[in-house]
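Asker:
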Amino acid sequence: MSQAEITLAAYYAAFNAGDPTGMLALVTDDVEHRVNEGGIRRGREKFAEFCAHMGVSYREQLHDLVIFTSPDGTRGAAEFTVHGEYLKTDPGLPEARGQRYVLPAGAFFDLREGKIARITTFYNLSDWVAMVSA
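Each residue of the sequence shown is one higher than the one before, starting from 234 at the first, in the working numbering.
1. Report buried or exposed for residue 352, applying the criterion of at least 16 other Cβ atoms within 10 angstroms of its Cβ.
2. Please name the residue, chosen from 314, 303, 287 and 308, that lies closest to residue 295 on a Cα-to-Cα basis.
3. To the nearest angstrom, how far is it from the Cα of residue 274 to the Cα of residue 285?
4. Hey, out of 338, 346, 337 and 331, whose CA is closest to residue 365's CA?
5. Taking DSSP's pairing of strands, which residues face residue 300 in a bridge?
6. Would you check if there are 3 or more beta carbon pairs closer than 8 Å linking the stretch 261-271 to the stretch 234-246?
7. Less than 8 Å between the CB atoms is what I'm expecting for residue 323 and residue 290, so what's the real figure, rounded?
8. Going by C-alpha to C-alpha distance, which of 255, 338 and 333 sits closest to residue 268?
Written out as structure tokens, the structure reads:
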């Protein structure tokens, strides 16, 4: 397993363990975090704020994880299925009532010196809204 694969596998293991400290240990100080239909968070502090918010509003586990990396170890991607529960209403989104959802998603990464320098996450927000609104 390459260093890039090890880093990404550890990142997702920390995610599934509900361990934001473990996730933060794997990102660069200047990490860029991009989520579809959202803004760009720059820096470890902004990413930590996002992780804290997600931990309150959602409970998620990722299944069917497949990790891909470039031969030079500077880029990566992952595909997975999110199994989640919507715990606390996010502003601008439907009201949270503990709704459960299962949603395909993916992410792209830049890696530098064994750490994650960019995370770009994609999922279908319309599908998620439909699931939690039903």
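Cβ coordinates follow ideal geometry from the N, Cα and C atoms, glycine included.
Answerer: In short:
1. The residue labelled residue 352 in the question sits at position 119 within the sequence shown. Residue burial is scored here from C-beta neighbours: residue 352 has at least 16 other C-beta atoms within 10 angstroms and is therefore classed as buried.
2. As a working note, residue 295 is residue 62 in the sequence shown. Nearest C-alpha to residue 295: 314.
3. Reading the sequence shown from its first residue, position 41 is the one you call residue 274. Reading the sequence shown from its first residue, position 52 is the one you call residue 285. Cα to Cα, residue 274 sits roughly 14 Å from residue 285.
4. The sequence position of residue 365 within the sequence shown is 132, counting from 1. Here the closest residue by C-alpha is 331.
5. By one-based count along the sequence shown, residue 300 stands at place 67. DSSP output for residue 300 lists 311 as bridge partner(s).
6. Judged by Cβ distances under 8 Å, the stretch 261-271 makes no contact with the stretch 234-246, as fewer than three pairs qualify.
7. The sequence position of residue 323 within the sequence shown is 90, counting from 1. The sequence position of residue 290 within the sequence shown is 57, counting from 1. That pair is a contact at about 5 Å.
8. In the sequence shown, counting from the first residue as 1, residue 268 sits at position 35. Each of 255, 338 and 333 was checked against the Cα of residue 268, and the nearest Cα belongs to 338.
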